[in-house]
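Colleague: The listed protein sequences correspond, in order, to chains A and B.
For the first sequence, the working numbering gives the first residue as 0, with consecutive numbering after it.
For the second sequence, the working numbering gives the first residue as 204, with consecutive numbering after it.
Where a beta carbon is used, it is the ideal one built from N, C-alpha and C, also for glycine.
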Amino acid sequence: MFSDILRRARTPLAKEIALTILICAYLLQAIASLSPDSELKKRLTAPADLFWNFWGFNQSWTLFSPVIRDLNYHVAATITFDDGTILTWQLPRMDHLNIYQRFRMEKFRKWDADSLPWPDYKAFWPDFARYTGRLYCSPQHKPKQLSLYLFWTTIPAPVDPLVDRYALPDHDKYSCVFTYFYKPEDLQ
Amino acid sequence: MTFKDIWRIWRGFWFEPTSPLPVCIYRIFLGLLILQSTIVHTMPAEIFWYGPKGIIPIGDVMDRFWLREPRLDALLLFPPTNQSVHIFFAIFIVVTIFFTIGFLTRYNAILMAIGIISLHHHQPFNINGGDSFLGLASWIICFTDCGRYWSVDRFLTKYFNGSVNDAPSNPWAQRLLQVQFAIVYWQTFCCKIVGAQWLDGTAVYYATRLEDMLKFNLPFLNSLLFCKFLTWYTLFIEFAMWTFVWFKEVRYWVLLGTLILHFGIDLTINLPVFEWAFMATLILFVEPEDIQRGIDFARNVLAGKYILAKPKLLPTNAAAEVVD
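#1: Please report how far the alpha carbon of C394 (chain B) lies from the alpha carbon of R68 (chain A), in whole angstroms.
#2: Look at the alpha carbon of I313 (chain B) and the alpha carbon of F363 (chain B), and state the distance between them as a whole number of angstroms.
#3: So L233 (chain B) is in the alpha helix (DSSP H); what residue range does that whole segment cover?
#4: Mind checking which residues open and close the alpha helix (DSSP H) that includes C393 (chain B)?
#5: Run down chain B in chain order and give the residues with a C-beta less than 9 Å from the C-beta of L161 (chain A).
#6: Quick check: the Cα distance between Y408 (chain B) and P225 (chain B), rounded to an integer number of angstroms?
#7: For V288 (chain B), name the three-state secondary structure that DSSP assigns.
#8: Against A190 (chain A), what residues of chain B qualify as contacts under a CB-to-CB distance less than 7 Å, listed in chain order?
#9: Quick check: what's the CA-CA separation for P220 (chain B) versus A17 (chain A)?
#10: Give the secondary structure of V526 (chain B) by DSSP, where H, G and I count as helix, E and B as strand, and everything else as coil.
#11: What residues in the segment 35 to 67 of chain A bring their beta carbon closer than 9 Å to a beta carbon of chain B?
#12: Kindly identify the DSSP beta-bridge partner or partners of A156 (chain A).
#13: Roughly how many angstroms lie between the CA atoms of E441 (chain B) and F392 (chain B), to the nearest whole one?
#14: Check whether the Cβ of F180 (chain A) lies closer than 8 Å to any Cβ atom in chain B.
#15: So for L517 (chain B), helix, strand or coil by DSSP?
#16: List, in order along the chain, the chain A residues whose C-beta lies closer than 7 Å to that of H244 (chain B)?
#17: Note down, one range per segment and in chain order, each beta strand (DSSP E) of at least 3 residues found wholly within the segment 73 to 110 of chain A.
#18: Please list the partners that Y148 (chain A) has in chain E, where partner means a Cβ-to-Cβ separation under 9 Å.
#19: Determine which residues of the segment 15 to 33 of chain A have a Cβ less than 9 Å from any Cβ of chain B, and write them out in chain order.
#20: Where do the ends of the alpha helix (DSSP H) carrying V504 (chain B) lie?
#21: With respect to the alpha helix (DSSP H) encompassing Y25 (chain A), which residues constitute its N-terminal and C-terminal limits?
#22: Can you tell me whether T245 (chain B) is buried or exposed, with buried defined as 16 or more other CB within 10 angstroms of its CB?
#23: Which two residues bound the contiguous alpha helix (DSSP H) that contains T221 (chain B)?
#24: Short check: CB of Q400 (chain B) to CB of V176 (chain A), under 8 Å?
#25: With the cut-off set at 8 Å, would you say L27 (chain A) and V74 (chain A) are in Cβ contact?
#26: Is any beta-carbon of chain A found at less than 8 Å from that of A523 (chain B)?
#27: Is it buried or exposed, K109 (chain A), if we count other Cβ atoms within 10 angstroms and call 16 or more buried?
#28: So for V367 (chain B), helix, strand or coil by DSSP?
#29: With a CB to CB cut of under 7 Å and the five nearest residues on each side skipped, what residues in its chain are close to I396 (chain B)?
#30: From which residue to which residue does the alpha helix (DSSP H) around F336 (chain B) run?
#31: Checking contacts by CB at 8 Å: is Y130 (chain A) closer than that to chain B?
#32: Just verifying my parser: in three-state terms, what is the DSSP assignment at I472 (chain B)?
#33: Counting only beta-carbon separations shorter than 8 Å, does H323 (chain B) have a partner in chain A?
#34: Look at the alpha carbon of S222 (chain B) and the alpha carbon of G365 (chain B), and state the distance between them as a whole number of angstroms.
#35: Whose C-beta lies closer than 7 Å to the C-beta of L433 (chain B) among residues of the same chain, with five residues either side of it excluded?
#36: List the residues of chain A that S372 (chain B) touches, going by C-beta distances under 7 Å, in chain order.
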C-alpha cells in the first residue's frame, strides 16, 4: 500500500498539485504581507511569519512612496573628551563625494542617511556611540560623551524656474538627535 | 468557463515545459550583481559592518531587530572573530563565482542564497531594495534549471557524456520569479498612486533633488513640465509591469518602457545595484526563441557573417536557398 502511495505521488499530476499548493501559499503570504495593515492581514500572515522571516522572504517595495521626503540632510557626531576637547566626526556625506565614491559607498548612504538619525534606529544609537568611542579612545583622551547632530534644509517648492540639482540650499538648520554618556566598560 | 478550463490555463502558465534559456542568462546577471554588491559596495568595510566589534554587535541585532526570533545567519556558525568574517566572505565570493559560471549550479545556488540572506540578517541596515530583491531571487532561482545553458556544467556534461539534455523543462520557478517581480511593481504602484506628489506630478522633482542620491545632472530635469511627464510615465510603467506585461502583443513595449525607466533613474539617481537588478530581471519575460535569435544575430555579427551573406555576393542557387 505504501509503495502504491509513493508511486502515485511521483506522477506528474501529483507533483503539479503539490507545486500548485506551494505556489499559492507563497503568493498568498507575499501579497498579504505587502498589503496595508489590517486584522485580516495579521491573521493571514501570522501562521507563516516565523518561517517567512527566518528564510528572508520578508519584503517591502515602498521606495519613493507614498511621499518623497522634501528634506536634505547630513549627520555629524561630536565627541567630548575628559580633558574638555571636542572632536567632530563628519560621517560620509554623499554630496561631497565624487560619483565613483558615491557609487562605492552606497551601503554607508543607506545606513547613515536612511537609518542612523531616525527613530526606527533608536535602539542602536548606544551601539553607534560605543563604536565611535572605541574608535577615538586613547590613553591620553578618553571620550566622555557623544552627541549626534542632524543638519538639514527643506527642498525649495517646485516652481519655475526650478532649483538646479547641484545648487541646492545649504543645510542651515540643525538639531541634536541624541547624546550618550560613556561608561568605563563601553570603551573596552 | 469550467474549473477544468481554469486548471488548463493554470497548468499552461506554470507547468508547460519551456526552454530555461532566459533564466540561465539571468543566473549570470544575478551572480554578477551579487558579486558587485559584495566586492564593490561592502568590501573592504566588511569588518565595520559584520565584525564582532562592528557598528552593531550581532547580539543587539538579535535582541532588537530579530526580536529574539530565529533567523537564518550562517555567520553565527563561525567563531566571532574578524578572521571568521574574512573567511565567510572568501567562501561566499567563491560560491557566487561558481554559481555565475554555472559550476555545480544547484548546490552553489543554495549556498549563495544562504550566504546573501545571512549577510542581510546579520546587518539589516545597509541593504537597499535591490539587495533585497537579489536575496529573494537567490532563493527562487535554486528551483530553476538555471545551469542548463551557458554553464560549466553543460560543458562538463558534454565532455564526459558526449551529449547534453536540450529538452524543455518545467518552468514553475522561472514563472514564480516573473510573478514575484510583478508583485514588486504592484506594491510600489499601489503605494505611489495615493501620494500627493505622484498625483500632482512633482515626485520626480523631489526625487531628483535628494542630495545623497545625486548622480549625473541632466538639463531637462530643470523643467517642471518634464518632471511631471516623468512622474506620470513612472506611474504608467509601474502599472503596466504587473498588468499589460502578461499580454504577448504589448509585452515587449512594456519591457522597453521599463528598461528606459530604470536606465533613466540609474543615470540621474545614485542607487547602485537597485536599478541594475531590476533591468536584469526583465530578461525573464523575453521568449526563449527571441533570446536565441538575438544570440544568433550577435554571433553572426561578431563572426562577420552578415557581410558575407549579402545576396549579391552569393551564387544564384545559394541566394535562392537563403530566401527559402
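Modeller: Result, derived from the coordinates:
#1: Along the second sequence, read from residue 1 onward, the residue named residue 394 (chain B) stands at position 191. Along the first sequence, read from residue 1 onward, the residue named residue 68 (chain A) stands at position 69. Answer to the nearest angstrom: the Cα atoms are 15 Å apart.
#2: Numbered from 1 along the second sequence, position 110 holds the residue referred to as residue 313 (chain B). Numbered from 1 along the second sequence, position 160 holds the residue referred to as residue 363 (chain B). Those two C-alpha atoms are separated by around 25 Å.
#3: Position 30 of the second sequence, counted from the first residue, corresponds to residue 233 (chain B). From DSSP, the alpha helix (DSSP H) with L233 (chain B) extends over L224 to L238.
#4: Along the second sequence, one-based indexing puts residue 393 (chain B) at 190. Element bounds for C393 (chain B): W375 to K395.
#5: Position 162 of the first sequence holds residue 161 (chain A). Going along chain B in sequence order, the residues near L161 (chain A) (Cβ under 9 Å) are Y408, R412, L424, N425, S426, L427 and C430.
#6: Taking the first residue of the second sequence as 1, we reach residue 408 (chain B) at position 205. Taking the first residue of the second sequence as 1, we reach residue 225 (chain B) at position 22. If you take the alpha carbons of Y408 (chain B) and P225 (chain B), they lie about 36 Å apart.
#7: Within the second sequence, the letter at position 85 stands for residue 288 (chain B). Correct three-state label for V288 (chain B): helix.
#8: No information on residue 190 (chain A) is available, as it lies outside the stretch 0 to 187 that chain A covers here.
#9: Taking the first residue of the second sequence as position 1, residue 220 (chain B) is located at position 17. Taking the first residue of the first sequence as position 1, residue 17 (chain A) is located at position 18. So the alpha carbons of these two residues sit roughly 17 Å apart.
#10: The residue labelled residue 526 (chain B) in the question sits at position 323 within the second sequence. Reliability fails at V526 (chain B), whose pLDDT of 42 lies under 50, so the model's placement of it is uncertain and the value that follows must be treated cautiously. Looking at V526 (chain B) - three-state DSSP - the assignment turns out to be helix.
#11: Taking 9 Å as the Cβ-Cβ cut-off against chain B, the residues of the segment 35 to 67 of chain A that qualify are P35, D48, L49, N52, F53, W54, G55, F56, N57, Q58, S59, W60, T61, L62, F63, S64, P65, V66 and I67.
#12: What you label residue 156 (chain A) is simply residue 157 of the first sequence in a count that begins at 1. Answer is none; A156 (chain A) lacks a bridge partner.
#13: Within the second sequence, the letter at position 238 stands for residue 441 (chain B). Within the second sequence, the letter at position 189 stands for residue 392 (chain B). Taking the straight line from one Cα to the other gives about 6 Å.
#14: For the purposes of this step, residue 180 (chain A) is identified with residue 181 of the first sequence, where counting begins at 1. Answer no: the Cβ-Cβ gap between F180 (chain A) and chain B never drops below 8 Å.
#15: Counting from one through the second sequence, the residue named residue 517 (chain B) turns up at place 314. With a pLDDT of 45 at L517 (chain B), under the threshold of 50, the modelled position of that residue is not reliable, and the figure given next carries that caveat. Of the three classes helix, strand and coil, the one that applies to L517 (chain B) here is coil, per DSSP.
#16: On the second sequence, position 41 is the one that residue 244 (chain B) refers to. Within 7 Å Cβ-Cβ: R103, E105 and K106.
#17: The beta strand (DSSP E) runs of length 3 or more contained entirely in the segment 73 to 110 of chain A are, from start to end of the chain, 85 to 89.
#18: In summary, chain E is missing from the structure at hand, where the protein chains are A and B.
#19: Hits within the stretch, in order: E15, L18, T19, L21, I22, Y25, L26, A29, I30 and L33.
#20: Sequence index remark: in the second sequence, residue 504 (chain B) carries index 301 (1-based). Per DSSP, V504 (chain B) belongs to the alpha helix (DSSP H) from P491 to A506.
#21: Working through the first sequence from its first residue, we reach residue 25 (chain A) at position 26. Taken as a continuous stretch (DSSP letters only), the alpha helix (DSSP H) holding Y25 (chain A) covers P11 to L33.
#22: Taking the first residue of the second sequence as position 1, residue 245 (chain B) is located at position 42. Buried, since its Cβ has 16 or more Cβ neighbours within 10 Å.
#23: Indexing the second sequence from 1 puts residue 221 (chain B) at position 18. T221 (chain B): not part of any alpha helix (DSSP H); DSSP gives it neither H nor E.
#24: For the purposes of this step, residue 400 (chain B) is taken as the residue at position 197 of the second sequence. For the purposes of this step, residue 176 (chain A) is taken as the residue at position 177 of the first sequence. With respect to V176 (chain A), Q400 (chain B) sits apart: the two C-beta atoms are not nearer than 8 Å.
#25: Here residue 27 (chain A) corresponds to residue number 28 of the first sequence, with the count starting at 1. Here residue 74 (chain A) corresponds to residue number 75 of the first sequence, with the count starting at 1. No, Cβ-Cβ distance for L27 (chain A) and V74 (chain A) is not below 8 Å.
#26: Stepping through the second sequence from its first residue, residue 523 (chain B) is reached at position 320. Any answer about A523 (chain B) is weak, because its pLDDT of 42 lies below 50 and its placement is not dependable; what the coordinates show is given next. So, not an interface residue.
#27: Your numbering for residue 109 (chain A) matches position 110 in the first sequence. Answer is buried; the Cβ neighbour count reaches 16.
#28: On the second sequence, residue 367 (chain B) is found 164 positions in, with the first residue counted as 1. In this structure, V367 (chain B) counts as coil in the three-state DSSP scheme.
#29: For this step, residue 396 (chain B) is matched to residue 193 along the second sequence. Result list for I396 (chain B): L438, in chain order.
#30: Along the second sequence, one-based indexing puts residue 336 (chain B) at 133. G332 to I344 is the span of the alpha helix (DSSP H), which, as asked, contains F336 (chain B).
#31: Numbered from 1 along the first sequence, position 131 holds the residue referred to as residue 130 (chain A). Yes, Y130 (chain A) lies at the interface with chain B (some Cβ there is under 8 Å from its Cβ).
#32: As a position in the second sequence, residue 472 (chain B) is number 269, starting the count at 1. If DSSP states are grouped into helix, strand and coil, I472 (chain B) belongs with the strands.
#33: As a working mapping, residue 323 (chain B) is identified with position 120 in the second sequence. For H323 (chain B), the closest Cβ of chain A is nearer than 8 Å.
#34: The residue labelled residue 222 (chain B) in the question sits at position 19 within the second sequence. The residue labelled residue 365 (chain B) in the question sits at position 162 within the second sequence. If I take the Cα positions, the gap works out to 21 Å.
#35: Walking along the second sequence from the start, residue 433 (chain B) turns up at place 230. Cβ neighbours of L433 (chain B) beyond the five flanking positions: V407.
#36: The sequence position of residue 372 (chain B) within the second sequence is 169, counting from 1. In chain order: nothing, as chain A lies at least about 13 Å away.
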